[in-house]
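Under the working numbering, think of the first position of the sequence shown as 27, with each following residue one higher.
Everything on this sheet refers to the single structure shown next.
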Amino acid sequence: MTREERRALLGDTVIAEIHERVAQAPEPSDDVVEKLRRIMTRPAGLVPHAAPVRETAPAARAA
């Protein structure tokens, strides 16, 4: 959605209210910024690896 489309949909009053609320929000702490940076650079988290295959002893044959 383009800026013009958002403005047509929301209107100038709503957009001004959004900007006012954003301006009131406190600045994030350094800890929060670091956590968000990690999330944004690796959004899927750690890539899972397949578990190693364990070799088992052959089943004992019935005598």
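Glycine included, each C-beta is placed from N, C-alpha and C at the ideal position.
Fill in: Where the alpha helix (DSSP H) through Thr67 begins and ends
56-67
Worksheet item: Between which two residues does the alpha helix (DSSP H) harbouring Glu46 extend?
Response: 38-50
Worksheet entry | Spatial distance of Val59 from Gln50 (CA atoms) | Rounded to whole angstroms, Val59 to Gln50 spans 18 Å at the Cα level.
Worksheet item: What residues in its chain sit with their C-beta under 6 Å from that of Ile65, if we drop five residues either side in the sequence?
Response: none
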